[in-house]
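Some notes on the structure that comes next.
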Amino acid sequence: KLAGNASDVTTVELTALPKIASGKVRELFSIDDNTLLFVTSDRISAFDIVMNNGVPQKGCLLTMLSKHWFSVLPELVPGLRTHFLATDLPVGLSDRELSCLTGRTMQVRKYKVFPLECIVRGYLTGSSWNEYMTKGTVHGIQLPRGLQQCAAIPGGPIYTPSTKAPAGLHDENIHPYQAIEMIGEQYARRIEELALKVFKAGQDYAAQRGIIIADTKFEFGLDESTDEIVLIDEVLTPDSSHMWPKNKYEPGREQESFDKEPLRKWLRAMGLEGKEGVSIPDDIALETSQRYKDVFTLLTGQSLNTALQA
Ligand code: ATP
Ligand code: MG
Numbered sequence: 071k072l073a074g075n076a077s078d079v080t081t082v083e084l085t086a087l088p089k090i091a092s093g094k095v096r097e098l099f100s101i102d103d104n105t106l107l108f109v110t111s112d113r114i115s116a117f118d119i120v121m122n123n124g125v126p127q128k129g130c131l132l133t134m135l136s137k138h139w140f141s142v143l144p145e146l147v148p149g150l151r152t153h154f155l156a157t158d159l160p161v162g163l164s165d166r167e168l169s170c171l172t173g174r175t176m177q178v179r180k181y182k183v184f185p186l187e188c189i190v191r192g193y194l195t196g197s198s199w200n201e202y203m204t205k206g207t208v209h210g211i212q213l214p215r216g217l218q219q220c221a222a223i224p225g226g227p228i229y230t231p232s233t234k235a236p237a238g239l240h241d242e243n244i245h246p247y248q249a250i251e252m253i254g255e256q257y258a259r260r261i262e263e264l265a266l267k268v269f270k271a272g273q274d275y276a277a278q279r280g281i282i283i284a285d286t287k288f289e290f291g292l293d294e295s296t297d298e299i300v301l302i303d304e305v306l307t308p309d310s311s312h313m314w315p316k317n318k319y320e321p322g323r324e325q326e327s328f329d330k331e332p333l334r335k336w337l338r339a340m341g342l343e344g345k346e347g348v349s350i351p352d353d354i355a356l357e358t359s360q361r362y363k364d365v366f367t368l369l370t371g372q373s374l375n376t377a378l379q380a
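Numbering of the sequence shown is given in the UniProt record's numbering, commencing with residue 71 and proceeding in unit increments.
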């Protein structure tokens with residue numbers, strides 16, 4: 071059963087493959103013991119709640135942007151390993167399934183997931199700005215006084231992990247020492263170093279294309295056969311990052327952003343923040359879709375349609 075049409079796919083069931091997990095945005099199907107079909111729907115969440123309807127083409131935009139990063143980042147960060155295998159669809163799907171899945175799937179290698187949201191922040195925005203304003207810290211890390219809203223963090227990006235809460239619960243910001251307690255010093259330090267390296271490489275790449283990546287969330291897995299840390303999940307997308315147009319950047323205020331800010335703004339204005347069962351009006355869904363498209367084209371140098379045909 072596939073709800074919605076090909077441009078607004080919110081639920082995905084496949085007859086040929088078992089579903090092993092369903093997150094806020096993605097559905098994971100098992101291809102074999104080591105391989106997952108990673109399907110990104112058009113669902114959108116804000117304030118940790120999934121909306122009733124989707125954002126047209128969002129799943130394709132997130133998938134094709136992640137694919138782009140999975141090809142670019144290993145060139146920029148020598149030795150980086152990722153879970154990406156292919157965007158080919160598995161065999162045995164019906165025509166209807168094929169038309170809904172095209173452009174929104176990745177085959178990925180399955181790994182043991184570290185229970186951390188590996189957040190890296192280059193700028194003070196969102197929850198980090200709120201914590202800084204009230205306590206002068208970010209995830210308990212002391213920062214210099216007098217920084218403005220959306221200012222670059224002095225000394226460069228910092229690693230600020232959070233726990234990966236089970237469905238229904240909120241992730242909790244933690245200090246890096248708590249990550250050490252959770253997964254052990256060896257892995258925690260390697261993940262921190264890798265997260266910072268990948269973030270800085272992505273930031274430089276984006277800056278050359280007119281975009282500031284203010285912060286992001288990575289996830290990492292462990293290849294138990296080689297003890298290597300592997301970059302998994304989606305990467306440097308507008309769902310996992312705050313991205314700003316560089317030419318409009320000005321600290322001291324909120325930035326116009328390429329992410330779900332139009333939706334968040336609408337929810338706030340309607341008093342619907344954190345409420346369940348919200349349907350987004352078409353104009354807000356389309357405005358959000360357009361932001362995702364704009365950032366896609368700036369980062370990849372291609373329109374979505376061109377990327378889908380490649
Ligand atoms: P959100 O990202 O909004 O917090 P979510 O994390 O609950 O939501 P989704 O992003 O919708 O879920 O689904 C992706 C899920 O797949 C995540 O739980 C992620 O940890 C997991 N995952 C990603 N890559 C791999 C992989 N290579 N092997 C195993 N699990 C993976
Ligand atoms: Mg996720």
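We put the CB at the ideal spot given by N, CA and C, even for glycine.
Taking only the alpha-carbon atoms, compute the straight-line gap between residue i and residue j and give it to the nearest angstrom.
{"i": "ASN243", "j": "PRO321", "result": "24 angstroms"}
{"i": "TYR362", "j": "LEU239", "result": "27 angstroms"}
{"i": "ASP102", "j": "LEU356", "result": "37 angstroms"}
{"i": "ASP78", "j": "SER115", "result": "14 angstroms"}
{"i": "residue 401", "j": "PRO88", "result": "Lying outside 71 to 380, the shown extent of the chain, residue 401 is not represented and no answer is given."}
{"i": "ALA380", "j": "LEU159", "result": "15 angstroms"}
{"i": "PRO214", "j": "ILE223", "result": "9 angstroms"}
{"i": "SER359", "j": "GLU262", "result": "32 angstroms"}
{"i": "PHE117", "j": "SER141", "result": "31 angstroms"}
{"i": "PRO351", "j": "ASP364", "result": "20 angstroms"}
{"i": "LEU72", "j": "ASP353", "result": "Its pLDDT being 35, under 50, LEU72 is placed unreliably in this model, and the value from its coordinates should be taken loosely. When rounded, the distance between both Cα atoms is 23 angstroms."}
{"i": "ASP165", "j": "SER92", "result": "23 angstroms"}
{"i": "ARG179", "j": "LYS234", "result": "20 angstroms"}
{"i": "PRO144", "j": "PRO236", "result": "30 angstroms"}
{"i": "LEU146", "j": "TRP139", "result": "10 angstroms"}
{"i": "TYR257", "j": "LYS270", "result": "20 angstroms"}
{"i": "LYS205", "j": "TRP199", "result": "10 angstroms"}
{"i": "SER310", "j": "ARG323", "result": "21 angstroms"}
{"i": "CYS170", "j": "THR307", "result": "21 angstroms"}
{"i": "ALA339", "j": "GLU294", "result": "47 angstroms"}
{"i": "GLU201", "j": "LEU163", "result": "48 angstroms"}
{"i": "residue 387", "j": "ALA265", "result": "Nothing can be reported for residue 387: it is not among the residues displayed for the chain, which extend from 71 to 380."}
{"i": "PHE99", "j": "ASP303", "result": "14 angstroms"}
In this structure, what does DSSP give as the bridge partners for residue i?
{"i": "GLY291", "result": "VAL183 and VAL300"}
{"i": "ALA156", "result": "GLN177"}
{"i": "THR286", "result": "VAL190 and SER311"}
{"i": "THR207", "result": "GLN212"}
{"i": "ILE350", "result": "Note: ILE350 sits in no beta bridge, so no partner."}
So is residue i buried or exposed if we call it buried at 16+ other beta carbons inside 10 Å?
{"i": "LEU168", "result": "exposed"}
{"i": "GLU83", "result": "exposed"}
{"i": "ILE90", "result": "exposed"}
{"i": "ASN75", "result": "The pLDDT assigned to ASN75 is 38, lower than 50, so where the model puts this residue is not dependable; a value taken from the coordinates is nonetheless given after this. With fewer than 16 other Cβ atoms within 10 Å, it is exposed."}
{"i": "GLU255", "result": "exposed"}
{"i": "LYS287", "result": "buried"}
{"i": "THR296", "result": "exposed"}
{"i": "GLN325", "result": "buried"}
{"i": "GLN278", "result": "exposed"}
{"i": "SER327", "result": "buried"}
{"i": "GLY216", "result": "exposed"}
{"i": "GLN218", "result": "exposed"}
{"i": "ARG113", "result": "buried"}
{"i": "GLU331", "result": "buried"}
CB residue i to CB residue j, shorter than 8 angstroms?
{"i": "THR175", "j": "THR133", "result": "yes"}
{"i": "ILE119", "j": "LYS345", "result": "yes"}
{"i": "VAL183", "j": "TYR229", "result": "no"}
{"i": "SER111", "j": "THR80", "result": "yes"}
{"i": "THR157", "j": "LYS137", "result": "yes"}
{"i": "ILE281", "j": "LYS316", "result": "yes"}
{"i": "ILE299", "j": "ARG260", "result": "yes"}
{"i": "LEU135", "j": "PHE290", "result": "no"}
{"i": "LEU301", "j": "PRO231", "result": "no"}
{"i": "THR85", "j": "GLN177", "result": "no"}
{"i": "GLY192", "j": "GLN273", "result": "yes"}
{"i": "LEU292", "j": "TYR181", "result": "yes"}
4 or more residues per run - each alpha helix (DSSP H) lying fully within the segment 299-329: none
Would you mind listing the beta strand (DSSP E) stretches within the segment 87-135 that are 3+ residues and don't spill past its ends, in chain order? Here the runs fully enclosed are 89-92, 96-102 and 105-110.
Scan the segment 209-269 and note each continuous alpha helix (DSSP H) run of 4 residues or more that stays entirely inside, going in chain order. Fully enclosed alpha helix (DSSP H) runs of 4 or longer: 246-253.
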